[in-house]
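K.L.:
Here the sequence shown stands for residues 1 to 207, where the numbers follow full-length UniProt numbering.
First, the structure itself, so that you have it in front of you.
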Amino acid sequence: MAGPPAAGAAMVVLGDSVAEGRDDPDPAGGWLGWAGRLARRLGVPPGDVLNVSDPGATIEDVVRDQLPAVRAARPRLVMLGCGMNDALNGFERPAAGARLDEVFGWARGAGAVALAIPVPRPPLLERSLISQFRKQRVLQRIAFFNAELERAARDFGMAFPPRETVTKIADPAMWSADGIHLSPAGHDYVAEVMGHLAAGLLGERAI
1 MAGPPAAGAA MVVLGDSVAE GRDDPDPAGG WLGWAGRLAR RLGVPPGDVL NVSDPGATIE
61 DVVRDQLPAV RAARPRLVML GCGMNDALNG FERPAAGARL DEVFGWARGA GAVALAIPVP
121 RPPLLERSLI SQFRKQRVLQ RIAFFNAELE RAARDFGMAF PPRETVTKIA DPAMWSADGI
181 HLSPAGHDYV AEVMGHLAAG LLGERAI
C-alpha cells in the first residue's frame with residue numbers, strides 16, 4: 001500500500017496490483033501505472049495522489065483495508081481498479097455489489113467524481129491449462145463484476161466507460177508477459193481512456 005493518508009489528496013486510487021502500477025516502472029522509483037499516468041494527464045502533482053492499492057486485493061479487501069485509510073481525504077477524483085482477483089477466485093455477487101456501494105457512496109459523500117476501471121479479459125486465460133469450464137466461469141464472473149460496477153456507478157450518479165471505448169485492451173501489446181498485468185502501453189491506454197472521461201466529468205472543477 002503506497003502513500004500515507006493525506007486529507008488534502010486531490011486524487012485517491014483504490015485497488016489491486018494493476019491499480020498499483022505493476023510492470024510499469026516509474027523512472028523516479030516504484031511503479032507509475034495508469035494511475036500515475038492519469039494524474040500527469042490531469043495535471044495532478046505526485047504529492048497530491050494517494051494510491052493505497054495492494055497486490056491481490058479484492059473488493060472486500062478494498063473496503064476493509066483501503067477505504068479506512070482514505071476516509072479523511074476529500075479528493076476531487078476517486079479511481080477504483082479491482083475485480084480481477086474477485087473473478088479469478090470467486091465472489092458472491094450481492095456482497096460485491098454492497099462493497100461497491102460503500103466505495104461509491106463514500107466518494108459521493110466526499111464530493112468526488114468516482115470512476116471504475118472495467119475488468120478486462122486477461123490473456124492468461126488463453127495460456128492457462130485450466131479447463132474450459134473454469135475459463136467460462138472466470139469470464140462469467142468478469143461479466144458479473146463489470147455489471148455491478150456499472151450498476152453502482154449509475155446508482156450513485158457516476159459514469160462507467162462503455163465497452164466500445166476500451167476494446168483496444170484486447171491487443172496483446174497491452175499486456176505484460178505474465179498475461180495478468182498490463183504493460184506500460186496498456187497502462188498508458190487505460191490512462192488515456194479514463195483521462196478523457198475524468199476530464200469531461202470534472203469539467204471546470206479544479207483538481
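For every residue, glycine included, the Cβ atom is placed at its ideal position computed from N, Cα and C.
It should be emphasised that the depicted structure is a prediction, and the values quoted were computed from it without experimental measurement.
In angstroms with no decimal places, state the Cα-to-Cα distance between glycine 200 and arginine 37.
P.N.:
Using only the alpha carbons, I get a separation of about 17 angstroms.
K.L.:
Any contact between the segment 63 to 76 and the segment 21 to 40? By contact I mean 3 or more CB pairs, one from each, below 8 angstroms.
P.N.:
The segment 63 to 76 is not in contact with the segment 21 to 40.
K.L.:
Near alanine 87, which residues of its chain fall below 7 angstroms by C-beta distance, leaving aside the five closest residues on each side in sequence?
P.N.:
Answer for alanine 87: Val119, Val138, Arg141, Ile142 and Phe145, listed in chain order.
K.L.:
Tell me the residue span of the alpha helix (DSSP H) that contains valine 49.
P.N.:
Here valine 49 belongs to no alpha helix (DSSP H); instead the beta strand (DSSP E) covers 49 to 51.
K.L.:
Are the beta-carbon atoms of alanine 153 and alanine 159 separated by less than 8 angstroms?
P.N.:
Cβ atoms of alanine 153 and alanine 159: closer than 8 angstroms.
K.L.:
State the Cα-Cα distance for the pair alanine 191 and alanine 185, rounded to the nearest angstrom.
P.N.:
Straight-line Cα distance between these residues: approximately 10 angstroms.
K.L.:
Taking C-alpha atoms, which residue in Gly21, Asp171 and Pro122 lies nearest to aspartate 178?
P.N.:
Looking at the Cα atoms, Pro122 is the closest of the given residues.
K.L.:
What number of angstroms, rounded off, separates the C-alpha of phenylalanine 156 from the C-alpha of arginine 108?
P.N.:
Rounded to whole angstroms, phenylalanine 156 to arginine 108 spans 7 angstroms at the Cα level.
K.L.:
DSSP three-state label for alanine 177, please.
P.N.:
If DSSP states are grouped into helix, strand and coil, alanine 177 belongs with coil.
K.L.:
Starting from the Cα of serine 176, find the closest Cα among Thr167, Gln132 and Arg127 and give me that residue.
P.N.:
Closest option to serine 176, Cα to Cα, is Arg127.
K.L.:
Going by DSSP, name the residue or residues bridged to tryptophan 106.
P.N.:
Tryptophan 106 pairs with nothing; no bridge assigned.
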